[in-house]
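According to the numbering used here, the sequence shown is numbered sequentially starting from 32.
Ideal placement from N, C-alpha and C gives every residue a C-beta, glycine not left out.
These numbers were taken from a predicted model, which means no experiment stands behind them.
Here's the structure we're looking at; comments come further down.
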Amino acid sequence: MSLTVVGSIAFDSVRTPFGERDRMLGGSAVHFALAAGFFTRVHVVGPVGEDFGAAEMEVLVERGVETADVERVAGGETFFWRGHYEHDMNLAHTDDTRLNVFADFEPKLSDASRTADTLFLGNIQPDLQRRVRSECGAARLTALDSMNLWIETTRPSLVAAIAEVEVLLLNDAELRMLVSEPNLARAAAAAMALGPRVVVAKRGEYGAALFTPEVQFAIPGYLLEDVRDPTGAGDSFAGGFLGYLDGAAAYELDEDHLRRAMAFGSVMASFNVEDFGIERIRRLTHEEIGERLREFKRLSHFDEPQVPAGGGARTG
Ligand code: AMP
């Protein structure tokens, strides 16, 4: 079992109603890798600039993430994103995006990254996602995430990238935007028509919904009292979801594994939002994950009920 991720490796400046941070370690590939790294061997592919220090790299290394394909570009600057959240923290407002070293990045994958069983094309320019996809021809499980910026500016490339993966993960609003369909179930069906056989709509604090041609499954978000920064929650969800599937070698995507993967995704996202950036996931333990999975099952489980007949209702 092993998993390769390409996506942004970033410095993020973020403001939420609960505080702000300047240039903290972030990026779709980083949030994803730190979550998935609990469950499987993860290889990160992507460039960083000279401003990316040993301390940042160490955060990945201490989680056991493979960084051989994190390329340091001489004279370059690391991807930078600035954003803020209002009281409704389900919606990120982008104030600045600087691709920097991603602008002309040519991925060169090591054999270990190229031959991974699972490939996650994290949120980044879709042509770059496609280049990495074409290098990893042998992957048994492939998935992709994206965002409104790429839907608005590079839709044809994004649609082509989506056609080349089995699992599409998007925010619910972005899924609706991608296929111009306001109803979520219809939007998922329209997205499946583009190629993927599994579509996961991430719904912020409300959890996530999974669609295949045969299965519909919805899971809540874990109900937290302290939510400080949702940045990276979507990638932590994807890291829990795919990290679990790869770690369990569930490449067939059967329903039982998909349902459990949704629980792992939701639980990893719930940890992510408890503190700024990667801070909570960085100090997370396996024991805490197990504990929260059990609590999460209690909170969302009910036995199959008998429907009471009611006072005057006709039966039979
Ligand atoms: P999310 O998991 O959806 O909250 O994603 C948060 C991460 O996405 C942040 O750490 C940002 O660095 C990264 N990000 C924001 N905009 C972009 C973009 N246009 N391309 C790639 N990554 C981005």
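Return the first residue and the last residue of the alpha helix (DSSP H) that residue i is part of.
i      : result
Gln160 : Pro157 to Glu166
Phe268 : Ala264 to Gly278
Asn202 : Run containing Asn202: none in the alpha helix (DSSP H); it sits in the beta strand (DSSP E), Val198 to Asn202.
Ala219 : Leu215 to Met223
Exposed or buried, which one is residue i when buried takes at least 16 other CB atoms within 10 Å?
i      : result
Ser141 : exposed
Glu335 : exposed
Tyr237 : exposed
His62  : buried
Phe307 : buried
Gly95  : exposed
Leu255 : exposed
His74  : buried
Arg329 : exposed
Ser297 : buried
Which residues does DSSP list as the beta-bridge partners of residue i?
i      : result
Ser44  : Arg113
Phe248 : Leu241
Ser121 : Checking the sequence, you will find Asn at residue 121 rather than Ser. According to DSSP, which records beta bridges pairwise, Asn121 is partnered with nothing at all.
Glu283 : Glu283 pairs with nothing; no bridge assigned.
Glu335 : In the DSSP output, where bridge partners are listed per residue, Glu335 has none listed.
Arg129 : Phe111
Would you call the CB atoms of residue i and residue j closer than 8 Å?
i      : j      : result
Phe295 : Tyr275 : yes
Ile250 : Ser301 : no
Val198 : Val163 : no
Thr109 : Asp82  : yes
Ser44  : Arg113 : yes
Phe69  : Leu56  : no
Ser177 : Val76  : no
Phe352 : Leu315 : Look at the range of the chain in this structure, 32 to 347, and you will see that residue 352 is not part of it.
Val104 : Gly84  : no
Met32  : Asp277 : yes
With distance defined between alpha-carbon atoms, name the residue in the options nearest to residue i.
i      : options                           : result
Asp127 : Asp135, Phe111 and Gly168         : Phe111
Gly168 : Thr146, Met178 and Thr184         : Thr146
Glu137 : His288, Phe151, Glu117 and Gln160 : Gln160
Gln156 : Val132, Leu172, Glu93 and Ala143  : Val132
Ala239 : Val258, Gly278, Val79 and Ala219  : Ala219
Ser267 : Met32, Asn179, Gly235 and Asn214  : Gly235
Asp158 : Gly107, Glu305 and Gly38          : Gly38
Pro78  : Glu102, Ala86, Val92 and Met88    : Glu102
Beta-carbon of residue i versus every beta-carbon of chain C: anything under 8 Å?
i      : result
Leu175 : Given the protein chain composition of this structure (a single chain), no chain C is represented.
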